[in-house]
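Data block below; observations after.
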Amino acid sequence: MASLSYYLDRASLYIALFAAWVAMLGSLYFSEVMGFVPCDLCWYQRILMYPLTLILLTGLLLRDKHLPKFVLPLSTLGMVVSSYHYLLEKTDWFDAVQICRNGASCTTLWINWLGFITIPFLALVAFTTITVMAVIALMAGEPAEADEDEDGVETQRTRAWLPAFGVVGVVLLVFGTLFSTGWQKTAESRALAAEMAVMPVSGPMTSASGALLNDTQSSGLTLYREACSGCHGLNAEGVPNLGNVLVNNTFIQSLSDVELLQFIRNGRDLNSPENTSGLVMPPSGGRPDLDDTQMNMIIAYLRAQQTQ
Ligand code: HEC
């Protein structure tokens, strides 16, 4: 009877192929459908993961016996970066290291399933799977050269295109469905938000109570529309499943301008006891490029939206 290891040897690189495609499409799902902002470290992991999808596919189709050696440098380096990123999220060992200074924070916990499964954790699982499978393949001499029967016809095992495209096809099908339903849902909530919003058609801009906005508040509204309205609504009325209502918001009312600025800079991740929605408020609303003067204009606008 063929042992389990016989099958594992032969399946190893297809398992790696599967892991790489799921990791790539999963990360694209998080950024393109869920709207999570990839940080610098996330990009390094993507740089190491994305090429693996095509290297594994081409190597399997060509049955190149060197394939595991092309895979291992990328996948082991990926394990190092993901482990580092995970420790950065979960420990304070690297607090002194200044990483991800420009752009999205590296320690925003966009997901925290069961209290330990974060995005770098998922990446680490994928990189480790690919590494272990590549080592197994290396030791087993996979992919083996084309086998030929007596008549010189390639035997079934060598026809690699079927399992290789099968694996990729199944992953694409599943993610294709996820992407289309995800985008549809986002489009629906945005349409709803636009319907609820009372856009000032022309003329002077007014606050929730109908009062005219002064110059600072109007500039704040313009900046707010660019930076925050995607999640909090055009007039701070909130968007279902994206961001909460900021009109007559007791949390805003309880903070001074300085404290509110500090809050917006830090954002609020899923670990925060104050988090009520199970959604992430990204640091600086995902716009670290806005300076304090601009943020203070947004705050002035938000103050004008507190009418009671
Ligand atoms: C990617 C979506 C997103 C963007 C962009 C965003 N926010 Fe948020 N924000 C949230 C979510 C989600 C929460 C609620 C988190 C929770 O459950 O506590 C929140 C909470 C807040 C709160 C606290 C409200 C409360 O009741 O606790 C303030 C204030 C706030 N955001 C201001 C801003 C400002 C100002 C901007 C623009 C510079 C901005 N947000 C951009 C998603 C976003």
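Sequential numbering of the sequence shown, starting at 7, is according to the working numbering. Using N, Cα and C, we set each Cβ at its ideal position, and we do this for glycine too. Being a predicted model, the structure only gives us computed values, none of them experimental.
Three-state secondary structure (DSSP) at residue i?
i      : result
Leu179 : helix
Ile123 : strand
Met301 : helix
Gly216 : coil
Met287 : strand
Gly244 : coil
Gly273 : coil
Gly239 : coil
Gly147 : coil
Arg309 : helix
Exposed or buried, residue i, counting other C-beta atoms within 10 Å across all chains shown (16 or more means buried)?
i      : result
Ala140 : buried
Phe257 : exposed
Tyr13  : exposed
Leu120 : exposed
Ile136 : buried
Glu151 : exposed
Gly284 : exposed
Asn241 : buried
Ser18  : buried
Thr287 : The sequence shown places Met at residue 287, rather than the Thr named in the question. Flag for Met287 reads buried.
Val204 : Low confidence applies to Val204: its pLDDT is 49, below 50, so where it sits in the model is not reliable, and the reading given next is rough at best. Val204 comes out exposed.
Phe122 : exposed
Glu194 : exposed
Pro289 : buried
Trp116 : buried
Met85  : buried
Gly216 : exposed
Ala25  : buried
Met301 : buried
Val264 : exposed
Ala197 : exposed
Val103 : exposed
Val77  : buried
Ser235 : buried
Report the CB separation of residue i from residue j in whole angstroms; it is logged as a contact under 8 angstroms.
i      : j      : result
Thr64  : Trp27  : Not a contact, Cβ separation roughly 13 angstroms.
Pro44  : Leu144 : With a Cβ gap of about 31 angstroms, Pro44 and Leu144 do not count as contacting.
Gly32  : Leu128 : 7 angstroms
Ser213 : Gln311 : 6 angstroms
Thr313 : Asn247 : Incorrect: roughly 26 angstroms between the Cβ atoms, too far for contact.
Ala22  : Leu62  : 6 angstroms
Leu54  : Leu80  : 5 angstroms
Leu261 : Asp298 : Incorrect: roughly 15 angstroms between the Cβ atoms, too far for contact.
Asp338 : Thr124 : Past the boundaries of the shown model lies residue 338; the chain is included only from 7 to 314, so the question cannot be answered.
Ser88  : Leu34  : Between Leu34 and Ser88 the Cβ distance is about 17 angstroms, and since that is not below 8 angstroms, they are no contact.
Pro126 : His91  : 4 angstroms
Lys71  : Gly147 : 7 angstroms
Leu229 : Ile305 : The pair is not a contact, with the Cβ atoms about 10 angstroms apart (cut-off 8 angstroms).
Gly239 : Tyr307 : Not really, about 13 angstroms apart at Cβ, beyond 8 angstroms.
Ala170 : Tyr50  : About 27 angstroms separates the two Cβ atoms, so there is no contact after all.
Does the CB of residue i have a neighbour CB from chain E at under 8 angstroms?
i      : result
Leu227 : Here chain E cannot be found, since the structure has a single protein chain.
Does the beta carbon of residue i fall short of 7 angstroms from some heavy atom of the ligand ATP?
i      : result
Arg274 : Ligands displayed in this structure: the ligand HEC; the ligand ATP is not among them.
> For the region 10–76, which segments carrying the beta strand (DSSP E) assignment without a break, of at least 3 residues, lie completely within its bounds, in sequence order?
Replying inline: Entirely contained in the region 10–76, not one beta strand (DSSP E) run reaches 3 residues.
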